[in-house]
Structures are given as structure tokens and as C-alpha cells.
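Numbering (my numbering), first residue to last: 22 to 914.
For each residue, glycine too, the CB sits at the ideal point set by N, CA and C.
Fair warning: this is a prediction, and the values are worked out from it, not measured in the lab.
Read the structure below first, then the notes.
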Ligand code: ADP
């Protein structure tokens, strides 16, 4: 029996809650039985004993149900309710109230509830326990006749038995809990060790799998390259080319799986070294350019001149990220172009964020697929992509590597039109030098390093050390055209024998060899007594591709690092780099063409903007300001009896007002729909990394806020803000956003500032009458008629995002206007005098001059813009309307 309880306590198949629940209940059952027993002994009425027994039975049944149905939480709540609301008050009044065991039972109830219930229910029942006990005390005090009193001896007995049993119960429960927790933490520790061991085993497995597979692929790729170099028939050449493609694909797959396993097990480590961004770029560009050219795609590279020349980071992984994204861009684009642009972002701590933007004009990604894009093994839109090779691992690796570097990757895509990935990678800047304009000389250097022409070095001698005969054969063959003399050694011992006999300029050394491994052999060669190769360049030539191995070779002082399988070009490049310059004779071929073509893509001028500020035609901004700040505007639509027109593009205000007064018919304005907004954003994103789109107040009837937001949901980097105003009030907010964007503020900083400025911007108009608003259904026709008959000239004022009728002026137009101007500009001392918009509908030159003079009498603005209100704004105000729109100064200014 004891054994049974013990095994129940440590049974890991049962949840901790279940075990605690059962234990607490078991101990409580014993305690409750004590109540009955003491009641029997002290001669309590049978009916009371019966009631308590029924309550205990109910609790038992609930417990049974809860355990059987695995409803521990529900069972705990029901039992707690029975204890707190029934059992305790009942025993309190039937066993002498405070002169008995009841007070102790209240304490026990608190403990009981705390043990079996968690979360807010625990708080509830604890409070209930206190409240019920308090209530019982008060009632018992006020109505003592309700309490069945005990004789003094009985009271003492009941009190003591309760106290004793509760002490024991608490002791037992706490000991058991400690036991359970001890067992649990032992189990957790054991599991942690097992997982760590499993991870190690998995890493070892992947690492050896990678090593074992790379070795035969090295032979396949190497020997296949020899076939391709021979003068073989077209058919054989084609077969060999297919073998090469398949081997590379296999290699790619192995690398991806290996990376994935490391990332998932958390054992991927970054190897941060100083590297030149230009060099990294040139290798990358060379590779992608060839692929893009083969598919007939244009490939553009834009590098901002202020990008630092040298940074510290894991260049291999940065390149891997970019290659994955660029490869995808080429893979999923049938026609058009792929572009890579590089810019500096913000400094954070001591790191500068380098922003890589990769855009293509390819098939795009459906909005509903965007959330799954970075999932491992997930290929989206498979119907369309079936013929395109891929595993669905690339983007998952990209996301995890970027996360590891503390960066961020975002994507926005318009289905069927193209995709843009923006990757921000923080790197430590290694010096003040910037890439600058990547002038010809520099580009030349970059490209020459990336493109190695063949060379010959007949006076050079090389030793290749590898236990695998095929590897030796491949290496020997690949170096054949360079005419270097190549010796081979099949073990470390063999190598040490040769290095005492002959000097080798370069030694390619395998790492994993039976007996003496490559590291040991390297050490011995450099310190060999009587050895001829103590000054030789030794290059690690290994199938261990991971960063740790690379770091190990660096620590050991190897002069270079080559990963198997190696292609002829990389092998030659590494050899040439390590041979004395005078021994190497380049046969420069037609690489100047490659050079020129390559240079064409590196263009440091056409950079994408970090943030583009866009808005609607309702913002009533003059063309010169739109151009100056490069603000793109999406037109609202105006529907008349003649058709639907784009605001300010197909339709001007004068024509619209003339049409309205002639036809008397009303005109309806529409906001652009979601599809049009999506297309607008997509177009703008080809010139910018992110968009801040500013709409007119969302509380205005024809606000484009909701549709713009819906469209923005298709993108990751479009933010829509309601500016809280209309017309040039909206324009003022837009200009402020542009100013902040130019200062390098982030989108959230800009939106926060705009939110504050909502109250500062003053948007108001004085209208001739309310006819046009009545036509648009915004005020009742009766009010419009009355104001007209009484020659009242109302103002429309923007308050908390809504347009309301403000002050009303009497009399002639000139008189009313003067008053409006005076009132509007009354609080002179607060006005920001930098800019005033006089935004109007159907006013002549004289009238505008009159307004300007009246304004000037009160206050001088540095810039006054006379702006015709857009047709979509004018349809509501009607002719002979104008407004003074400006901003108050903020407290900080
Ligand atoms: P894959 O090996 O399938 O290319 P990735 O993880 O690299 O795997 O990409 C996942 C999926 O994302 C791809 O199958 C493809 O459907 C989609 N995708 C990635 N990049 C692009 C792009 N530039 N244009 C369109 N679709 C893309």
C-alpha cells in the first residue's frame, strides 16, 4: 500500500496538479473524518453528523469525477466551494463557533484552497474563506442563539483535536510536496542532460554526414570538371553539365540541412571577423549576375556611398543570407529585373545597421502566404512553383541567421508583380573609410579579385595530403593546367617523410585522417627538425565546412582554408594567392568584358529612400512642395453624372464647381479602393524601403484611412496614419512628417510627433453658405436655407478629427472675411509663423490679395501658400470659400 502511494507520488505520467490534488484531498479526507469522529465523541446530534458526512461524500464524488475525466481545475473549484461555503459555516455553527475547532478549520480551508487551486480562483476562494469566516464571526456574535454551544470540556477537546490534526495534515502535505518537487527537479535535470547529449549526438551525426557526403561529391565534381575541360562531344558535355548541376544541388541541400540542424539545436555560432563590404559584394554580384544573365534578367546594384568600407561580422553568413534571397529573386522572376541596394541605417549601441534591399519583378507572393514564408520546408504557391527547384529551407535559414545577428528581415510583395525583401544587419564599423563612389580603380580591384583568370606556375611545387585516393586524384587533375608540380601523400606520416626530402611552396592538408590528423601534421611540418617545409604555406583542405572548424584552422595558424568539394577556380585562386608572385604567370583572357559589365551594375546614385511619405489628393499641397519633398499622392475619385474622375488629375476644381452650379446635381467623392491603394504602395516601394501614408481624418466621411490600412496589410513596411485633419491641414502634417524623415527619424518617432501635432494644426474654412454641404447630405437643407436667407457666413472648423460648424459671421463677404481672419489669427503669440496656407475655392486674384493684406495686418508669415482646394474638398464647401491653415508652436519650440 505504502509502495502504491509512493509510486503514485513519483509517477511522471500523472500531472503535478493531479498528484497534489489527490494528496491534498486524501489528507483532508482524514482530517474531515476527524471532525465527524470528534462530533460523535462529543455527542453532536446525529443530523449534524449526517450533513457533514453527506458533504464529505459529495466532495469524494467530485474528486472521483475530476480525476476520471481529467477536470482537475473544475473539481478543485467545486470542492473548494463546498468546503468554504457549506462545510465551514455548518460546522462553525453546530460545534460551538469560536469555542470549538471551527477557527482552526478556517485556517485549514485557506491552506486547502491555496494548494489545490491556482490563478485568480485561488485569490477568489481565499477572499471567500476570509469573508465567510468573518461573516460567521459577526453572525455568531450578534445572534448567539444560532450557535450550538459546547460544554467547556467539549470545546477544549474539539479545539485541540482540530489543532492537532491540522498541524499533522499541514506537515504531511508539505513533506509530500517537497518530495514531489524534488523528484520533478531531478527528472528535469536528467532530461536536460539527455537533451544536451542528444543535441551533441545530432551535431556529430550531421557533421560527420556532411563530411562523408562531401568527400565523394568532391570526386564527382572534380572529375566531372575534368571532363568538361576536355574536348568532348556536345552530348558528353551536356551530360557533364547536368552532373555538375545535380552535384551542386545536392551539396546545397546538404549545407542547408546541416545549417538548419545547427540553428534549431542552438549550436550555430557566428564567426565575426573584419571584412570589406566591397569584396563580399563583388563575389556575390559575380555569382548572381551570371544567373540573372542566363535568365535574361537585368541585375542592378546600388550602393550608398556612405556605407562603411570595412565592418566586423560574419561575412560568410551575411553572404549566405544575401545569396539565398538573391537566388530566390532570380529563381522566381521570369522577366524584368532583380535589384540589390545597400544603405546605412541607424546606429544602435556600437553597431551600424546595414540595410540590404532586394527587389524583383517576379511572380510575387500571395498575401495569405506571407506569414508562412519563413517556415522550414514550406514552399508556398506550390502549383506555380512545382517546376522550380527548391526545398523550402532557404528563407527559414535566412530568418534564423538574421535573428542570430540581432537583425531583422521584412518582406512585402504584390502577387504577380514582384517582391521586396529588406534585411537589416547590425555590424560593428571597423574604420572611418566608406565605400564612396566605388570609383573605377576600386571597382577594378574588386572585380579582379573576384574573377580569377587561369595562370601557370611551372616552377612551383605543391603537396596534397589526403587519406582519400580520389581526392588526391581530383586535386592533381584540377591543377594540371597550371603546370605546377604536384606530389601527393596519403597520410600525415607520409607527408612528414616527403617534407624532409623536398621544399613545397604550398601544402594542401586534409584534416580528418586516420592516425595523424591534419592539425598534428601541420604542427610537425612547421617544427620539423631538418624539415624543408618549415616556411611553406599550408592550407587546410577539408570537408568540415562549419565556422568552428574554420576558427580552429585560424587558431592553428593555417595560411588558408578550402572546403571540399572544391572547384578548379577556387583551388587555383587559393594556390595563386599563396605562391610567390614571381612564380605565377597569368594568362589574362577576356575578363575585361566581365569587368566592364560588372561595373555597370554598381551604381551608387540611385538609392532607395528609407522612408517615403505619401498622402492623398485631399492634402491640398502645392506642386512645388510635393516635388521638393518627393511626396507621392494617391488621388481620390469624384463621381459626377459624366463619369468618375481622378481628383486633381482628370478634373480641376473650377470645372467641377461650374458643372455643379450649372447642373445643380450633386457629386459624390470616393476614396481609392484597396486594389488601387495596393498598386500605389507597390509602386512607391520600388523607390523606398518603407512608406508612411498620411490620410485625412478617419472620422471624416470620405476618409481613405480604412482602405489604406487594408491595403497596407499586404505589406510589411507600410504604415498608415490618420492625420486628424483635412485639406492643407493634412498637408501641414505631411510636411512635418517629411521634415522629420529627412532628419532620420524612425516611423514610430514620426507618428508619435504627428499625434502630438494633431491639436496644434489649425484647420478652418469660411464658406459662403451651406448649400454644398447640404447637397452632400452633411447638414440639413433647412439650416442651409436659413443661413443663406440671413446672409450668415458660417465657418467650418476641425475639432478632434471632426468637421463642425464653428463661429458664424454676419454681413457682407468682405466684413465676414475680415472678422474670420482676425478671429483665426487672434492668438498671435502661439502661431508658428513659418508657414500659412490660404486654401480656397473659386476666388479671384483681387480677393486673394485682400485676404493676404488682412492677414499681413495681423501677423507676418515667412511662407504663404495660395492653394486651390482639390475638387474632392471643394464639392463640400462650394465656391467663394477659403481657409487659413497653419500650426501652433509646440511647447518644445
Ligand atoms: P525554396 O527552396 O522553395 O526556394 P525558400 O525558403 O527559399 O525555399 O522560399 C520559400 C518559398 O517562398 C518559395 O517556395 C517561394 O514560393 C517563396 N519565395 C521566396 N522568395 C520569393 C520571391 N522572390 N518571389 C516569389 N516567391 C518567393
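6 Å Cβ shell around residue i - same chain, five flanking residues per side excluded
i           : result
residue 735 : 388 and 699
residue 168 : 114, 118 and 161
residue 779 : 745
residue 641 : 748, 749, 752, 860, 888, 890 and 891
residue 540 : 577
residue 77  : 53
residue 426 : 446
CA-to-CA distance, residue j to residue i, given in whole angstroms
i           : j           : result
residue 812 : residue 895 : 21 Å
residue 888 : residue 716 : 18 Å
residue 324 : residue 849 : 48 Å
residue 726 : residue 692 : 9 Å
residue 658 : residue 877 : 36 Å
residue 808 : residue 784 : 22 Å
residue 697 : residue 636 : 14 Å
residue 572 : residue 362 : 31 Å
residue 587 : residue 296 : 22 Å
residue 810 : residue 834 : 14 Å
residue 179 : residue 126 : 11 Å
residue 281 : residue 730 : 36 Å
residue 688 : residue 660 : 6 Å
residue 350 : residue 277 : 18 Å
residue 491 : residue 375 : 43 Å
residue 157 : residue 116 : 12 Å
residue 235 : residue 514 : 24 Å
residue 110 : residue 424 : 59 Å
residue 370 : residue 384 : 38 Å
residue 816 : residue 873 : 18 Å
residue 738 : residue 31  : 52 Å
residue 355 : residue 553 : 57 Å
residue 50  : residue 71  : 16 Å
8 Å Cβ cutoff, residue i in contact with chain B
i           : result
residue 518 : Although the question refers to chain B, the structure presented lacks it and comprises just one protein chain.
For residue i, the residue or residues it bridges with in DSSP
i           : result
residue 742 : 715
residue 400 : Residue 400 pairs with nothing; no bridge assigned.
residue 329 : 455
residue 296 : 332
residue 97  : Note: residue 97 sits in no beta bridge, so no partner.
residue 448 : 373
residue 820 : 823
residue 509 : 485
residue 581 : 560
residue 607 : 476
residue 856 : 884
residue 905 : 859
residue 592 : In the DSSP output, where bridge partners are listed per residue, residue 592 has none listed.
residue 175 : Looking at the DSSP assignment, residue 175 forms no beta bridge with any residue, so it has no partner.
Cut-off 7 Å between Cβ atoms - residues of its own chain near residue i, not counting five sequence neighbours on either side
i           : result
residue 843 : 879
residue 93  : 38, 39, 42 and 87
residue 274 : 412
residue 928 : Residue 928 cannot be examined here, being either before or after the span of the chain that is shown, 22 to 914.
residue 258 : 249
residue 182 : 55, 59 and 122
residue 104 : 130 and 133
residue 920 : In the structure as shown, the chain starts at 22 and stops at 914, and residue 920 therefore has no counterpart that could be examined.
residue 504 : 477, 478 and 479
Cβ-based neighbour list, residue i, same chain, cut-off 8 Å, excluding 5 preceding and 5 following
i           : result
residue 595 : 560, 581 and 583
residue 935 : Here the chain has residues from 22 to 914 only, and residue 935 is not among them.
residue 241 : 264, 268 and 586
residue 237 : 491
residue 96  : 42, 83, 84, 86, 87 and 88
* With a floor of 4 residues, list each alpha helix (DSSP H) that falls wholly inside the segment 864–888, ordered by position along the chain. => 866–879
* Uninterrupted alpha helix (DSSP H) stretches inside the segment 538–562 (no shorter than 4 residues) -> 539–548
* Kindly provide the ranges of any beta strand (DSSP E) runs that are 3 or more residues long and lie completely inside the segment 371–446, ordered along the chain. => 372–381 and 429–435
* **beta strand (DSSP E) segments (min. 3 residues) lying fully within the segment 770–808** => 785–787
* Asked: Taking the runs of the beta strand (DSSP E) that are 3 residues or longer, which of them lie wholly in the segment 308–367?
  -> 319–324 and 331–334
* What alpha helix (DSSP H) runs, 4 residues minimum, are completely inside the segment 30–80? -> 37–62
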